[in-house]
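Worksheet: the structure to be examined is printed underneath.
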Amino acid sequence: MDQFTADYLTNLAAELSANIIPYLTSSLKSAFVGSEPQQAFNRALEVGLIALLAAASGAEPDEVDLLDGIFRTFFKEPMVARELANLLRGYSLDMDEMRHLFDEAGFEAATLPRLDFATGMQAFQGAFLLAAVEEPELNHIMQPHRILRQMDFQENMLEATRTLVAALAEVPRQLRAVQAGQLLAEGQPVYRFPLQVAGNVHGPIVTGNKNTISITNYYYDRRELPAAVERTRLEEEINAYIRWLNKQTSTITLRGIDLEGRPVVNLPLDKIYVPLQAVAYRRAGEQEEPLLAQHHREPQAIQLNDLLSMGERLVVTGGPGCGKSTVLLHMAWTLTEAWQKLDSGAFAAGKIHWPANQPLPLPILIPLSEYATYLDELYAGNEKPVPPDKIKLSAFISYHLGMQYTDFQLPEDFFTRLLRAGQPALLLLDGLDEVPEEKRRVEVRAAIEQLADSCPQLRMVVTCRTAAFVGKTTLAKDFAEVQVQPLGEAEVAALVTQAYGSLYGEGTQQQREKRDDLLAGITQLEAERQQRLGERAERLVTSPLLVRMLIIVHTKNRRLPDQRAALFKETVDAILHPPHPNERVAFRLAEQIGGSVNEHRALVQYLAFHMHERGEQQGREIDEAGLEAILHGSPRYGRLAEPLLQLTQLRGTLLEERNRSYRFIHLSFQEFLVARYFAEVLRDLDKIAEFLEAGPLLDSWWREPALLVSGYLSVTQPDVAVAFLQRLAGIDDQAEGRNGVLPPEIQIAAAEVAGTSVLEWQGENELLRAAVATRLAALVSDPMQPTGAVLRAKAGRTLSQLGDPREGVGSYKREDGLLLPDIAWGKTVPAGAYRIGEGKQRREVAITEAYQLSRYPVTLAQFSCFVQAADFDDPRWWEGMPEAEEAYGTTYKLRELSEQAFAYANHPRERVSWYQAVAFCRWLNDKLKDGTQINLPHEDQWEVAARYQSDTTYPWGNEFDSAKANTGEGDSVEQTTAIGLYPAGKQPHLDLYDLSGNVWEWCRNKFGDPAMETPDRSGDGRALRGGSWSLSQNNVRSSYRNVIRPHYRSNEVGFRVVRVVAHLIDL
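Numbering (this note's numbering), first residue to last: 69 to 1135.
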């Protein structure tokens, strides 16, 4: 044949698709059920193949036949399909591995006709990903934006590939063909640009040998307004918008506060705003080792008024009520206020440190939950596929600004014209976590990244709860994360001072008295908690939301509860009580909702529960008809629907009204009222537990109500709370029979919720705490309890906080008071000859002494024994090591410790250098003095142990199973986990855990010279084994080797130890 025809391209793409899908994880395979995702995948593959074949630019007809034979054979290779499947898992192709597989298939990349192999595969990968970006069905499954950013693309090649993909979008599939490097349509060379592109484009489609392509330019003819008229019109629209947004963001509302008969008080935002502390994470330099660079982040402490100096693409994360949304409000208010002032630069510089010499950006505040609703309505109202331009975030922004809340009319193309005019803008996207349903959240995330790609000049700040900013919700790496920190005492004092200054007048005696009284109450509350729970107990008042609630309760009754559920209880009562100086008026207000506060509370908790039952997608907000339907479903509450709606619209209650839709003023209140409904209406402990065990325990939407119900019971009925937690954890008297029936994931989820609830307990609970920890440890250690990785990881973190009782995880105190790591050892590997390696690296090694590896990697708790030791700086531990060393663009000091990224006592100690791991071993040898020789293992020792008596690819066997190791495959956790959480993946003959995944493990020898095992000052890379939590099955093979420099620290690198003892026996 002399050209690659349309039928040929379609069939080749379908064959390749069929080869790839069997190598996906079960969850990814399920995503391709149905014709639409499969067809989208085929279309993207076809675009990639066209780019690859077009790279063979000057191929003659006989060479076309040869290429056809080569690629049909190559793409059918199972290992090729497995590598290509990485694209759907969120990883770029390993080009060295692809070239190796090409050679293994019997071809020579260097002799391909008219084609450079590496260039062709890069073109394939880039074009496939660019096509995938435009396929909504694929955006739900993979993350093409992220992979594109990770690829090492030459700029001219990337732009040329973009242009080819755009041109292909204009050519019907049945008319396409590729011949001698040219894209054909109906047999004619064509290269057609999309509408918005005009002008000439020069250069080859891909870099390589003699690449050319015929180009036909397409111009967009548009009548435009005269420039001066358009600019004047745009300025008028901007000014109107600024006035409106300034008004919308100028105050914060307090409800339930009794101040001169006002149940609702609006506090000036600028008067009460306090810049909070945060930690910004910068990505490490480009010189990092490829397998570690993606996830390594260095923290930097900042104040949130410095936020905009941290970059042009930011995501602000933090817990519920930590002030994320308020930060956006303050930025929007500051910038709109600055726009209206003569000395605008100085004003913005003083408030948010905006550079005075730069033009002010126009703030655009967008609630992402509204975007999700917009998408739902688009999809629901269209039987035909929705045009791609309609679902873009830019389309919603225009719609939102023009139609939603402005009291003036903005034209539909306002946002587009802003960008076209070069107007600097700051896009403030609030609440990625508030987008219901994971599939929709992933779509919104992809839309944000797509807009960022298409508008590189547009600054963006996104907010998201920390717990939701994981997995597929995580934004691409050019979004720097800034994590809001819990409030310190100084921030709490400042917030209270500012609030009371606004309420009672700045500097007045009343302000000082109120402030001092509340702060004294908070100090006493925290001191009593520490006395009861220990010095390490987390402080209660750590978020602006809690401070706001305390102010409401304090203003109401001057009494501060010391438990979260109690605080909600008091706040709800304060908000529901209708304050008024005239008692008869107050009574009439209460009478509107059933005649009493009690009835009003019962009504809203009934409503909260039934709204919550609607699920995350529909349970946060409800329209008027839906609210009335819920209340009319009860003979008790139907008559109260109209009074509740009227009071909410007129005065505000626990609900707020917006465009005839209703929601609780904060999701936390809805969650508390659901918990109260459990405790006060369901009442029966078995009924409450059975409701949760029927599914809600596995749904994050129900997590807070499940936690708060025990908290509420601990305040109102402590004995009942203990019985409920025992029942939930599966440790009550009737548990044995029930535990044999409940699914494993329900048992672990229930025990984890019980454990987290115990951590909030305010009474004497050591026996309960220990019992729940023992139960949770048994569940996560049982290989016969198959549960999802994310759930197991959460259980492991809770177990860490409870106090992990497993052997080999923590520490013990010796008789002389010295704290030492409790190392548990695997079984003995006898001296002898062993086979290691794979393929050409297959070889025999001699083990001259019997040894044991530690059962687990060294944990944070165990390494902390060394760090906290009085002789940590003893020169004996650090002998022969350089005091400082450069590694990948950063200079590290020998004894300077890097902060643990995942700070749980039972997780592997990561961000530890090779030198520090060696120093730990030296210190431990000195303290034990029992004839053992503890060290880092040589990588030969490590691999022999991993393959002992089985000689398999992985410690458990030859087939990879994502359920047996913490890796980037399958149900990925995307961080370290507690050690030993994957018991089904242990090395069965030696009883060793976590050899695959979790963290890379330092070995004592140099990578390039395995005979060199002792410290020196060369900086030569040391060997790593085992792979980590972020990597693929290829990297966690027992034979896989990696290398980094010894001073380097990463949140993917830890270590385990080895011991050699004379006459070693299994203990």
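Glycine included, C-beta positions come from ideal geometry on N, C-alpha and C. Because the structure is a prediction, the values reported are computed rather than measured.
Q) Based on the DSSP output, what are the partners of Gly1025 in its beta bridges? A) Residue pairing by DSSP puts Gly1025 in a beta bridge opposite Tyr1022.
Q. What are the boundary residues of the beta strand (DSSP E) that Met528 is part of?
A. Taken as a continuous stretch (DSSP letters only), the beta strand (DSSP E) holding Met528 covers Arg527 to Arg533.
Q: Look up Glu549 in the DSSP assignment and say whether it is helix, strand or coil.
A: Of the three classes helix, strand and coil, the one that applies to Glu549 here is strand, per DSSP.
(Q) Suppose contacts are defined by Cβ-Cβ distances below 7 Å. Is Leu563 in contact with Val615 by that definition? (A) Their beta carbons are under 7 Å apart, which means Leu563 touches Val615 by this criterion.
**Q.** C-alpha gap between Asp754 and Phe1075, whole angstroms
**A.** Asp754 and Phe1075: Cα-Cα distance of roughly 59 Å.
Q.
Measuring straight from C-alpha to C-alpha, what distance separates Ala266 and Leu232?
A. Residue placement at Ala266 cannot be trusted, given a pLDDT of 24 that sits under 50; the coordinates are not used to answer.
(Q) At the level of alpha carbons, what is the spacing between Ile340 and Leu397? (A) Their Cα atoms are separated by approximately 12 Å.
Q: Taking 8 Å as the threshold, find out whether the stretch 797 to 809 comes into contact with the stretch 735 to 747 through three or more Cβ pairs.
A: With a cut-off of 8 Å, the stretch 735 to 747 and the stretch 797 to 809 do not count as touching, because too few Cβ pairs lie within range.
Q) What separation, rounded to the nearest whole angstrom, lies between the Cα atoms of Leu1004 and Val1012? A) Straight-line Cα distance between these residues: approximately 14 Å.
Q: Return the residue from the list Gln491, Pro456, Val454 and Leu497 that minimises the CA-CA distance to His468.
A: Minimum Cα distance to His468 is reached at Leu497.
Q | Backbone secondary structure at Pro773 - three-state DSSP | A | Helix, per DSSP.
Q.
What does the Cβ neighbour count give for Met69, buried or exposed, with the cut at 16 atoms within 10 Å?
A. Because the pLDDT of Met69 is 47, which lies under 50, any placement of that residue in the model is unreliable, and the number read from its coordinates should be weighed accordingly. Counting Cβ neighbours within 10 Å, Met69 comes out exposed, since fewer than 16 surround it.
Q | Rounded Cβ spacing between Leu428 and Ala416 (contact assumed at less than 8 Å) | A | Approximately 6 Å separates the beta-carbon atoms of Leu428 and Ala416; this is inside 8 Å, confirming the contact.
Q) Which residues bound the alpha helix (DSSP H) around Glu1145? A) Residue 1145 falls outside the range modelled here, since the chain spans only 69 to 1135, and no answer is possible.
Q: Compare the C-alpha of Tyr780 against each of Glu1120, Arg632 and Gln518 and name the closest.
A: Nearest to Tyr780 by C-alpha distance, out of Glu1120, Arg632 and Gln518, is Arg632.
Q) Taking just the CA atoms, how far does Trp1068 sit from Val897? A) Spanning the two alpha carbons is a distance of roughly 21 Å.
Q. Within 10 angstroms of its Cβ, does Gln785 collect 16 or more other Cβ (buried), or is it exposed?
A. By the Cβ-count criterion, Gln785 is exposed, with fewer than 16 other Cβ atoms from all chains shown falling within 10 Å of its own Cβ.
Q) Could you check where the beta strand (DSSP E) with Arg381 kicks off and where it finishes? A) Looking at the DSSP string, the run of the beta strand (DSSP E) that includes Arg381 is Arg381 to Gly386.
Q.
Could you compute how far the alpha carbon of Asn1073 sits from the alpha carbon of His1006?
A. Rounded to whole angstroms, Asn1073 and His1006 show a C-alpha spacing of 6 Å.
Q) When the distance is taken between beta carbons, is Glu953 closer than 7 Å to His1115? A) Contact check for His1115 against Glu953 passes: the beta carbons are separated by less than 7 Å.
Q) Between which two residues does the beta strand (DSSP E) carrying Cys1071 extend? A) First-last of the beta strand (DSSP E) with Cys1071: Trp1068 to Lys1074.
Q) Where does Ile465 sit, in a helix, a strand or coil, going by DSSP? A) Note: Ile465 maps to helix in three-state DSSP.
Q: Would you mind working out which of Ile516, Pro455, Gly470 and Pro431 sits nearest Ala440, comparing C-alpha positions?
A: Each of Ile516, Pro455, Gly470 and Pro431 was checked against the Cα of Ala440, and the nearest Cα belongs to Ile516.
Q: Go ahead and pull the three-state DSSP assignment for Asp1008.
A: Helix.
**Q.** Collapsed DSSP secondary structure at Pro873 in the structure displayed
**A.** Here Pro873 sits in coil by DSSP.
Q. Near Thr319, which residues of its chain fall below 7 Å by C-beta distance, leaving aside the five closest residues on each side in sequence?
A. Cβ within range, chain order: Asn334, Leu335, Pro336 and Leu337.
**Q.** With 16 other Cβ atoms within 10 Å as the buried cut-off, status of Pro431
**A.** Answer is buried; the Cβ neighbour count reaches 16.
Q. Hey, out of Asp941, Trp893, Tyr1022 and Gln968, whose CA is closest to Gly905's CA?
A. Selected option, being the one with the closest Cα: Tyr1022.
Q. According to DSSP, which residues form a beta bridge with Pro336?
A. Looking at the DSSP assignment, Pro336 forms a beta bridge with Thr319.
Q. When you compare each of Glu511, Gly663, Asp501 and Leu965 to Ser981 by their alpha carbons, which one comes out closest?
A. Of the candidates Glu511, Gly663, Asp501 and Leu965, the residue whose Cα lies closest to the Cα of Ser981 is Leu965.
Q: For Asn1110, name the three-state secondary structure that DSSP assigns.
A: Here Asn1110 sits in strand by DSSP.
Q | Environment of Val454 [buried if 16+ CB atoms lie within 10 Å] | A | Per the 10 Å Cβ criterion, exposed.
(Q) Please classify Met852 as buried or exposed, where buried requires at least 16 neighbouring CB atoms within 10 angstroms. (A) Answer is exposed; the Cβ neighbour count stays below 16.
**Q.** Distance between beta carbons of Pro105 and Glu205, contact taken as under 8 Å
**A.** Cβ atoms of Glu205 and Pro105 come within 8 Å of each other, at about 5 Å.
Q) Looking only at DSSP bridge pairs, what is Lys881 linked to? A) Answer is Leu887.
(Q) Less than 6 Å between C-beta atoms, sequence neighbours within five positions excluded: which residues of the same chain meet that for Leu152? (A) Excluding sequence neighbours, Leu152 sits near Ile88.
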